[in-house]
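Encoded as structure tokens, the structure appears first; notes follow it.
Below, the structure is given as structure tokens:
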């Protein structure tokens with residue numbers, strides 16, 4: 001279970017059956033707002049309003065692959081194209 005920490009500094013990941021915290025993912029000074037998953041489940045995208053960024057996260061290792069600036073302000077809602085390429 002992936003939990004956004006809007007008032008914190010990233011995301012937390014929990015085992016939904018045991019409640020054990022599996023990871024805390026640091027996204028800098030601000031928390032994530034929303035997350036979506038790639039069709040194959042290997043990638044998580046997390047939006048961050050304050051930095052106007054989307055973070056690409058490896059769903060297995062919980063590491064941030066890259067931070068993508070959106071060019072907007074207060075970026076919140078994210079979606080993947082039907083083919084998952086963009």
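Residue numbers (the working numbering): 1 to 86.
All residues carry an ideal CB built from backbone N, CA and C; glycine is no exception.
(request) State the beta-bridge partners of residue 5 as determined by DSSP. (result) Partner(s): 10.
(request) Quick one: residues in its chain with C-beta nearer than 7 Å to the C-beta of residue 44, no 5 flanking neighbours on either side, listed in chain order? (result) Once the five neighbours on either side are set aside, the close Cβ partners of residue 44 are 2, 35, 37, 57, 59.
(request) Please state whether DSSP places residue 51 in a helix, a strand or coil. (result) Judged by DSSP in its simplified three-state form, residue 51 adopts coil rather than helix or strand.
(message) Using C-beta distances below 8 Å, list every residue in its chain close to residue 71, excluding the 5 sequence neighbours before and after it, in chain order.
(response) Correct list, in chain order: 52.
(message) Please report the distance separating the alpha-carbon of residue 39 from that of residue 14.
(response) It is roughly 20 Å from the alpha-carbon of residue 39 to the alpha-carbon of residue 14.
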